[in-house]
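Line order of the protein sequences matches chains A and B.
Here our numbering = 1-based position in the first sequence + 2.
Here our numbering = 1-based position in the second sequence + 2.
2 protein chains.
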Amino acid sequence: MNERVVYCVSDHTGVTVEAVAKSVLSQFPSIEFSLIALPFVDSAPKVAEAAAQIAATPGALVFSTLTDPALRARLRDSGASLFDVFELIAPPVETALGQAATPAGGRIHGMANDYEARMDAVNFALNLDDGLNPGRLGQADLILVGVSRVGKTPSALYLALQYGLRAANYPLTPDDLAQAQLPAVLLDHLPRLRALTLSPERLAAIRQARYPDSRYASLAQCREEIAAAERLFARHGLVALDTTRMSVEEIAARLRTRP
Amino acid sequence: MNERVVYCVSDHTGVTVEAVAKSVLSQFPSIEFSLIALPFVDSAPKVAEAAAQIAATPGALVFSTLTDPALRARLRDSGASLFDVFELIAPPVETALGQAATPAGGRIHGMANDYEARMDAVNFALNLDDGLNPGRLGQADLILVGVSRVGKTPSALYLALQYGLRAANYPLTPDDLAQAQLPAVLLDHLPRLRALTLSPERLAAIRQARYPDSRYASLAQCREEIAAAERLFARHGLVALDTTRMSVEEIAARLRTRP
Numbered sequence: 003m004n005e006r007v008v009y010c011v012s013d014h015t016g017v018t019v020e021a022v023a024k025s026v027l028s029q030f031p032s033i034e035f036s037l038i039a040l041p042f043v044d045s046a047p048k049v050a051e052a053a054a055q056i057a058a059t060p061g062a063l064v065f066s067t068l069t070d071p072a073l074r075a076r077l078r079d080s081g082a083s084l085f086d087v088f089e090l091i092a093p094p095v096e097t098a099l100g101q102a103a104t105p106a107g108g109r110i111h112g113m114a115n116d117y118e119a120r121m122d123a124v125n126f127a128l129n130l131d132d133g134l135n136p137g138r139l140g141q142a143d144l145i146l147v148g149v150s151r152v153g154k155t156p157s158a159l160y161l162a163l164q165y166g167l168r169a170a171n172y173p174l175t176p177d178d179l180a181q182a183q184l185p186a187v188l189l190d191h192l193p194r195l196r197a198l199t200l201s202p203e204r205l206a207a208i209r210q211a212r213y214p215d216s217r218y219a220s221l222a223q224c225r226e227e228i229a230a231a232e233r234l235f236a237r238h239g240l241v242a243l244d245t246t247r248m249s250v251e252e253i254a255a256r257l258r259t260r261p
Numbered sequence: 003m004n005e006r007v008v009y010c011v012s013d014h015t016g017v018t019v020e021a022v023a024k025s026v027l028s029q030f031p032s033i034e035f036s037l038i039a040l041p042f043v044d045s046a047p048k049v050a051e052a053a054a055q056i057a058a059t060p061g062a063l064v065f066s067t068l069t070d071p072a073l074r075a076r077l078r079d080s081g082a083s084l085f086d087v088f089e090l091i092a093p094p095v096e097t098a099l100g101q102a103a104t105p106a107g108g109r110i111h112g113m114a115n116d117y118e119a120r121m122d123a124v125n126f127a128l129n130l131d132d133g134l135n136p137g138r139l140g141q142a143d144l145i146l147v148g149v150s151r152v153g154k155t156p157s158a159l160y161l162a163l164q165y166g167l168r169a170a171n172y173p174l175t176p177d178d179l180a181q182a183q184l185p186a187v188l189l190d191h192l193p194r195l196r197a198l199t200l201s202p203e204r205l206a207a208i209r210q211a212r213y214p215d216s217r218y219a220s221l222a223q224c225r226e227e228i229a230a231a232e233r234l235f236a237r238h239g240l241v242a243l244d245t246t247r248m249s250v251e252e253i254a255a256r257l258r259t260r261p
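Structure (structure tokens):
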């Protein structure tokens, strides 16, 4: 059998269990997996419904993050192979800590402060998107800088949503690129600048998708802009992150840790 | 010991291992954990550096997602308690699938198509934020609707970044709320509307943070707007999602699955 249905069952959003399932299953490249998410399975009736759906799927695998052992046991009754993150990882952690896990603890999802900080960061990223409100750059944790379509906006939003960081982004326009140094408004903030670059070929492909056959999307123009941007970065000792083969998660994770 | 340092070591972004560590550790509420992220540990020199840092931290716990067993073994040499997601979860999956995991497989992170789709979705969410470009609502997967500050924009961006869904958002203004039905521009898209609501008290607190002592942020105004919005939703048979106590992840996960 080279195809398998995989259920990701969680008593909350399922973001963690889906990430774990995808990571582990990527180590079985000869099998094609179809993932079905079943989030918010947090009561006996809901778990019974999930178990019935699973039992009707031959050869299904089930990854789960269910904090309540009783719900987990009920899911196992479906007869499917069940891999519960808590069940597999908590026991060695219990041994290391010398104390038993409290299953109910996993249900407490800290929200208030974290939520406010991240929403504030999202609003900040939107208010300082694409060079808007440069007078507020001093409030930014990070300032992403690079040419148009290098990936600044999605990266800034991801930094805000995932990490609660206040990320501004500032585009280098052709006018900026013609100068000998970075725009004056950025020079006060050099330690917080994060330079982004990518291959001219990839940039041209991204721009072509939006403005086909334009000068803006031409390979010649992309080459010129990238070369000029990299000269400016070097002028100020900024090491640019090459995002050519990176996902937005990877860009954000690298920008977050890189000085 | 009621405090522990926890390292989250990954050969990629570390998003998965941080999520797993937080989930599992939330089941030990009497211990205070400080998390240190060490992403992109993908070579022998980098793992040696991480191991040295860990060895210098008494009582450290280490959660990891390292696909290369040799790097994992080197990390274990640090003497710390190591919980590797692959090591703990892959073996039962191997048994269920009847084949061995290919550690290198985990290094392949599908990017191209997924990346394009998500970036396209982010641009869509930005272009159709706050009622912009209503002529394009027909292209949306979901249309979030609700009063100002109910959480539409962050939820739409998260749906785009996490799930690649094209989520528009449309604010119900006081003018809209004074009508007997939803704005005409939304009526063609009823099956894709997702109504959001929250408690007037929470809405007032969110608005107060931005516009203190304004009529806009007053509890009376918030009560009136929420009541009017809920009447409109009921008029069209829309069940509103109450986001009062929800994180943005939870809002997005619920909107994604709810019809």
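Cβ coordinates follow ideal geometry from the N, Cα and C atoms, glycine included.
Everything numeric in this text was worked out from a predicted model, so none of it was measured.
Can a CB atom of chain A be found closer than 9 Å to the CB of residue i?
i        : result
B/ARG225 : no
B/ARG209 : no
B/LEU200 : no
B/ARG138 : no
B/LEU146 : no
B/ARG6   : yes
B/ASP244 : no
B/ALA222 : no
B/PRO156 : yes
B/ALA39  : yes
B/GLY239 : no
At the 9 Å Cβ level, is residue i part of the contact set with chain B, yes or no?
i        : result
A/ARG270 : Limits of chain A in this structure are 3 at one end and 261 at the other, which puts residue 270 of chain A out of reach.
A/HIS111 : With a pLDDT of 44 at A/HIS111, under the threshold of 50, the predicted position of this residue should be treated as unreliable, though the coordinate-derived value follows. By this cut-off, A/HIS111 is an interface position.
A/ARG120 : yes
A/SER275 : Nothing in the structure corresponds to residue 275 of chain A, since chain A is present only between 3 and 261.
A/ASP143 : no
A/LEU128 : yes
A/ALA52  : no
A/ASP79  : no
A/LEU134 : no
A/THR59  : no
A/ASP131 : yes
A/HIS14  : yes
A/ALA169 : no
Using a C-beta to C-beta distance shorter than 8 Å, which residues of chain A count as neighbours of residue i?
i        : result
B/VAL17  : ALA21, GLN164, GLU251, ALA255
B/SER25  : THR18, THR67, VAL87, PHE88, GLY108
B/ALA92  : VAL26, GLN29
B/PRO105 : GLN29
For residue i, list the residues DSSP reports as bridge partners.
i        : result
B/THR199 : B/ASP244
B/VAL11  : B/LEU40, B/SER66
Give me the chain B residues within the contact set of residue i, using Cβ-Cβ distance strictly less than 8 Å, ordered along the chain.
i        : result
A/PRO71  : Within chain B, no residue comes near A/PRO71; the closest Cβ sits about 11 Å away, beyond 8 Å.
A/TYR117 : SER249, VAL250
Does residue i come out as helix, strand or coil in the three-state DSSP assignment?
i        : result
A/ARG6   : strand
B/ALA254 : helix
A/ALA98  : helix
B/PRO193 : helix
A/THR104 : coil
A/ARG217 : coil
B/SER249 : coil
What residues of chain A sit near residue i, judged by a beta carbon separation below 9 Å?
i       : result
B/ILE33 : LEU99, GLN101
B/LEU63 : VAL95, ALA98, LEU99
Residues of chain A with CB under 7 Å from residue i, in chain order?
i        : result
B/LEU159 : VAL124, LEU159, LEU163
Using a Cβ cut-off of 9 Å, pull out every chain B residue sitting near residue i, in sequence order please.
i       : result
A/PHE42 : GLU252, ALA255, ARG256, THR259
List the residues of chain B that residue i touches, going by C-beta distances under 7 Å, in chain order.
i       : result
A/PRO47 : The premise fails here: A/PRO47 is roughly 16 Å from chain B at the closest Cβ pair, so nothing lies under 7 Å.
| said: Going residue by residue through the segment 110-189 of chain A, where are the continuous alpha helix (DSSP H) segments of at least 4 residues, counting only ones entirely within it? | reply: 114-129, 154-165, 176-179, 186-189
| request: Please go through the segment 16-96 of chain B and give each complete alpha helix (DSSP H) segment of 4 or more residues, from N-terminal end onward. | output: Within the segment 16-96 of chain B, the complete alpha helix (DSSP H) segments at least 4 residues long are 17-27, 46-57, 71-78, listed from N- to C-terminus.
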